[in-house]
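**Q** Note that the protein sequences, when read in sequence, are chains A, B and C.
Mapping the first sequence onto this note's numbering, position 269 (from 1) lands on 269, and the numbers just tick up by one.
If you want this note's numbering, it's the 1-based position in the second sequence plus 283.
If you want this note's numbering, it's the 1-based position in the third sequence plus 395.
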Amino acid sequence: MKIAIASGKGGTGKTTLSTNLAAFLSETEKVVLADLDVEEPNSGLFIHGNLIFEEEKYKMIPEWKEDSCTFCGECQKNCNFHAVIQLGSQILVFPELCHSCFACSELCPVNALPMIPKRMGQLKHFALNNFDFIESRLDIGQEQAVPLIAQTIDFIENNFTDQTIKIFDSPPGTSCPVIEATKDADFILLITEPTPFGLHDLSLAVETMQELKKPFAVIINRYGIGNDDVIDYCQKNGIPIVAKIPNLRKIAELYSKGDLIYNDVPEFKEELIKIRDFIKNEI
Amino acid sequence: MKIAFTTNGLEWNSKMDPRFGRTEYILVYDEEKKEFTSFDNREIENEAHGAGPKTSQKLFELGAKVLITGNGPGGNAATVLEKAGVKTYVGAGEMTVKQAYEAYQNNQLKNI
Amino acid sequence: MKEIVVISGKGGTGKTSVTASFAYLGGENVVVADCDVDAADMHLLVKPDFAKSESFFSGVAAQINPYKCNNCGICANVCRFDAIPVIDDQYTVSTLDCEGCGYCAKVCPERAIEMIDQNVGNWFVSNTRLNNTMVHAKLGIGAENSGKLVAKVKNEAKRIANENNKDFIIIDGSPGVGCPVVSSLSGAHFAVLVTEPSVSGIHDLKRVHELVKKFNIKAGCIINKADINKDVTNEILGFLKSESIEYIASLPYDENFTKAMTEGKTIVEFDNGELKESIIKSWEKVKKLSAVS
Chain A
1 MKIAIASGKG GTGKTTLSTN LAAFLSETEK VVLADLDVEE PNSGLFIHGN LIFEEEKYKM
61 IPEWKEDSCT FCGECQKNCN FHAVIQLGSQ ILVFPELCHS CFACSELCPV NALPMIPKRM
121 GQLKHFALNN FDFIESRLDI GQEQAVPLIA QTIDFIENNF TDQTIKIFDS PPGTSCPVIE
181 ATKDADFILL ITEPTPFGLH DLSLAVETMQ ELKKPFAVII NRYGIGNDDV IDYCQKNGIP
241 IVAKIPNLRK IAELYSKGDL IYNDVPEFKE ELIKIRDFIK NEI
Chain B
284 MKIAFTTNGL EWNSKMDPRF GRTEYILVYD EEKKEFTSFD NREIENEAHG AGPKTSQKLF
344 ELGAKVLITG NGPGGNAATV LEKAGVKTYV GAGEMTVKQA YEAYQNNQLK NI
Chain C
396 MKEIVVISGK GGTGKTSVTA SFAYLGGENV VVADCDVDAA DMHLLVKPDF AKSESFFSGV
456 AAQINPYKCN NCGICANVCR FDAIPVIDDQ YTVSTLDCEG CGYCAKVCPE RAIEMIDQNV
516 GNWFVSNTRL NNTMVHAKLG IGAENSGKLV AKVKNEAKRI ANENNKDFII IDGSPGVGCP
576 VVSSLSGAHF AVLVTEPSVS GIHDLKRVHE LVKKFNIKAG CIINKADINK DVTNEILGFL
636 KSESIEYIAS LPYDENFTKA MTEGKTIVEF DNGELKESII KSWEKVKKLS AVS
């Protein structure tokens, strides 16, 4: 089973929920947690396991072969992303701007731009007691998260059984990276805060999930601040609210230190139990 | 030597554009011939990404050896400029073209 | 006219609340540019009237003309993004998957594929309830913020500020370290970095400051929720010193941040104590610092 945890914007508690839920579920189930927020993977700051495997991840980019080039300029014309630039008798390639579409390479009349693998980031696999953690990190300066997210999901599909509960800590927002991270999930948990900002960002995330035709439910974080508008919104739209994590200073303090929360805060653990029951019974 | 300025207009007294990649105009001053050529760069508005490398390439085509601008180019643009053999001076974002040129001659701009 | 950009790297640090408070304090002398287009929340506090609205086009996507298409499938074959499935016996572009590379259009023997400009959202010029002019935008689902959209929003703000002799443009900057934030920073006179003392807060502060440094922009820092973790706050203070970043203020962990937001108010309108004082002092400091840069 694949569960993605997502939110319309950053800073709503996505990572806190993902890491604690994974650790908690692993007490009774087999669990793998993947941090798919590859531009800013922060889950690893809260989880400390043994590194058992790491590999570099690649994307395909063109490499200029000076000897065969006739400087016809076709490659530059064929690149819609300004990733291939001709300066007189030099061709420059900008891997970060390249979308790996292969057009420059395959349309080059003299095969002077073969595609080669170029490192875009790294995948790490950590093992804890009953619990695996996969973290992928895009190298600084790399702009395209989508290929690395797709490869990370492939890695999990190939290395874990269907019986494992797979939790995807998704990137924030409503653009391509979050679509990539959620489109293969069986269920999406959207986390939000009961504030006007939270409601606005939740409604964007809901629109995205509806567009993707994905089943989803809501978890309210920092419950007790703000107002009831998020609850009203969910009721009006028939969206289940699975849990309400209370607003406690203790949680913010533990988070700031990079500690897991549920063992020290019983109120938090109660909400995790509700989420576990929901996953067992409803999904 | 040809010197390129990122500008909001086409005259000595025009204001500099502090941005590099998305500058409105590029003004090139030919020190030997003492004359200006200009390039209207406003089409760059249509580019979602990669404005820096594209404007850098334009500078190369215009034959500039020195670039005078405000904030300075981003990473990709800096790479193209380096390969194109263009020296970059920054810190002229608040000046007019004339003031920027004088500041450059008096070594008051930062070379990066 | 001075351009002040507020950025944070990480979400949830209170960047937008701080920016909106500055907009309140600056009043009619300020043009606001909301460049945090992915999570544009500022309108909830400043209530813009959407006086002027225009479509925004960015990027292209392929479109197959079924009358010219002979269903040879060459396009689907070269597409690396699996964006050309067969639907009802006809090769059709899935716009959500299309990256706009144009490879298919170049190899189509029937010239049946056109690259179409994508209408990805709208941008607006508004009057706010705080007497500012504000330029902002809204993107459709799956559309990404870009350097282009940020430049558009900022240019419009700049034009309005110049025409009306305004003193400041306040930019709610984009998150992350990619093209949109580069465009947010480009041309700014001063950057306000809003952070929080958590392991992820300091990590993201360092990353975003790398960019600020590259653009030679003077920067100052506001530490929000400073009392939540004194050790990390001290670590941040050390970082500011070593990088010559101006220390602007420490704000306490205060629920008035959220309460103000819930009432649709800026903090300085809602709070009457220390928090309000700190933000007023911060704004005065930012004005002073941006004046000399």
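Even for Gly, the Cβ is constructed at its ideal location relative to N, Cα and C.
Using a beta-carbon distance below 8 Å, is Val-361 (chain B) in contact with chain A?
**A** Looking at the sequence provided, one finds Ala at residue 361 (chain B) rather than Val. Not closer than 8 Å to any Cβ of chain A, the Cβ of Ala-361 (chain B) fails to qualify, so no.
**Q** Would you mind listing the alpha helix (DSSP H) stretches within the stretch 534 to 577 of chain C that are 4+ residues and don't spill past its ends, in chain order?
**A** Entirely contained in the stretch 534 to 577 of chain C, the alpha helix (DSSP H) runs reaching 4 residues are, in chain order, 542 to 558.
**Q** Give me whichever residues DSSP pairs with Gln-76 (chain A) in a beta bridge.
**A** Beta-bridge pairing links Gln-76 (chain A) to no other residue.
**Q** Here's a check: name, in chain order, each residue in its chain whose Cβ is nearer than 6 Å to the Cβ of Gly-226 (chain A), leaving out the five neighbours to either side.
**A** Pro-194, Thr-195
**Q** Might you give, ordered along the chain, the residues of its own chain that have their beta carbon closer than 6 Å to the beta carbon of Gln-287 (chain A), omitting 5 neighbours on each side?
**A** Past the boundaries of the shown model lies residue 287 (chain A); chain A is included only from 1 to 283, so the question cannot be answered.
**Q** Assign Met-115 (chain A) to one of three DSSP states: helix, strand, or coil.
**A** Three-state result, Met-115 (chain A): strand.
**Q** Which value, in whole angstroms, describes the spacing of the CA atoms of Ser-450 (chain C) and Gln-144 (chain A)?
**A** 26 Å
**Q** For Arg-302 (chain B), which of helix, strand or coil comes out of DSSP?
**A** coil
**Q** Would you mind telling me which residues of chain C sit closer than 9 Å to His-99 (chain A), beta carbon to beta carbon, in chain order?
**A** Arg-475, Phe-476, Glu-494, Gly-495, Cys-496
**Q** Any idea which residues DSSP pairs Ile-623 (chain C) with across the strands?
**A** Answer is none; Ile-623 (chain C) lacks a bridge partner.
**Q** Identify, in the order they occur along the chain, each residue of the same chain with its Cβ nearer than 7 Å to the Cβ of Ser-453 (chain C), setting aside the five sequence neighbours on each side.
**A** Gln-513, Val-515, Ser-541, Lys-543, Leu-544
**Q** Which residues mark the beginning and the end of the alpha helix (DSSP H) in which Leu-683 (chain C) is found?
**A** One detail in the question is off: residue 683 (chain C) reads as Lys in this sequence, not Leu. 669 to 686 is the extent of the alpha helix (DSSP H) around Lys-683 (chain C).
**Q** So what does DSSP say about Pro-461 (chain C), is it helix, strand or coil?
**A** coil
**Q** Spell out whether any CB of chain A is found under 8 Å from the CB atom of Lys-285 (chain B).
**A** no
**Q** Since Phe-319 (chain B) and Lys-341 (chain B) are thought to touch, with beta carbons under 8 Å apart, how far apart are those beta carbons, to the nearest angstrom?
**A** The Cβ separation is near 16 Å, so there is no contact.
**Q** Going straight from the alpha carbon of Leu-248 (chain A) to that of Ala-103 (chain A), what length do you get?
**A** 54 Å
**Q** Give me whichever residues DSSP pairs with Trp-518 (chain C) in a beta bridge.
**A** C:Glu-449, C:Ala-532
**Q** Give the residues of chain A in contact with Met-529 (chain C), contact being defined as C-beta atoms less than 7 Å apart.
**A** What Met-529 (chain C) touches in chain A: nothing, since even the nearest Cβ is about 16 Å away.
**Q** Who are the Cβ neighbours of Ala-621 (chain C) in its own chain at under 7 Å, not counting the five residues just before and after it?
**A** Pro-592, Thr-628, Ser-645, Leu-646, Pro-647
**Q** Relative to the C-alpha of Lys-447 (chain C), which residue among C:Val-548, C:Leu-439, C:Phe-665 is closest?
**A** C:Val-548
**Q** Strictly under 8 Å for the Cβ-Cβ distance: is Ala-346 (chain B) near chain C by that measure?
**A** Per the sequence shown, the amino acid found at residue 346 (chain B) is Gly instead of Ala. Judged by the 8 Å Cβ criterion, Gly-346 (chain B) is not in contact with chain C.
**Q** Let me confirm a value: His-48 (chain A) is counted as buried when at least 16 other C-beta atoms fall within 10 Å, else exposed. Which label applies?
**A** exposed
**Q** Can you tell which of A:Asp-67, A:Leu-212, A:Pro-240, A:Val-230 has the C-alpha that lies nearest to the C-alpha of Asn-111 (chain A)?
**A** A:Asp-67
**Q** Return the residue from the list B:Ser-297, B:Leu-364, B:Glu-294, B:Asn-329 that minimises the CA-CA distance to Leu-345 (chain B).
**A** B:Leu-364
**Q** Quick check: Leu-310 (chain B) and Thr-290 (chain B), are their CB atoms within less than 8 Å of each other?
**A** yes
**Q** For Met-378 (chain B), tell me which candidate among B:Pro-301, B:Met-284, B:Ala-287 has the shortest Cα-Cα distance.
**A** B:Pro-301
**Q** Report the start-end ranges of each alpha helix (DSSP H) in the stretch 341 to 366 of chain B that is 4 residues or longer and not cut off at the edges.
**A** 358 to 366
**Q** Are Thr-709 (chain C) and Val-426 (chain C) touching if we call contact CB-CB under 8 Å?
**A** One cannot answer for residue 709 (chain C) here, as it falls past the ends of chain C, which runs 396 to 688.
**Q** Leaving aside the five residues before and after Phe-563 (chain C) along the sequence, list all residues of the same chain whose C-beta is less than 8 Å from its C-beta, in chain order.
**A** Met-396, Lys-397, Glu-398, Ile-399, Gly-421, Asn-424, Val-425, Val-426, Ala-556, Lys-682, Ser-685
**Q** If you follow the beta strand (DSSP E) that Asn-247 (chain A) is in, where does it begin and where does it stop?
**A** Note, Asn-247 (chain A): premise wrong, no beta strand (DSSP E); not H, not E.
**Q** For a contact defined as C-beta to C-beta under 7 Å, what are the partners of Val-577 (chain C) on chain B?
**A** Gly-357
**Q** Using a Cβ-Cβ cut-off of 8 Å, state whether Lys-547 (chain C) counts as contacting chain A.
**A** Not an interface residue.
**Q** Could you check what DSSP says for Met-378 (chain B) in three-state terms: helix, strand or coil?
**A** coil
**Q** Name the chain B residues whose beta carbon is nearer than 9 Å to that of Glu-96 (chain A)?
**A** Gly-358, Asn-359
**Q** Leaving aside the five residues before and after Lys-30 (chain A) along the sequence, list all residues of the same chain whose C-beta is less than 6 Å from its C-beta, in chain order.
**A** Thr-164
**Q** For Lys-2 (chain A), which beta-bridge partners are listed by DSSP?
**A** DSSP, once it has assigned bridges, lists A:Lys-166 as partnering Lys-2 (chain A).
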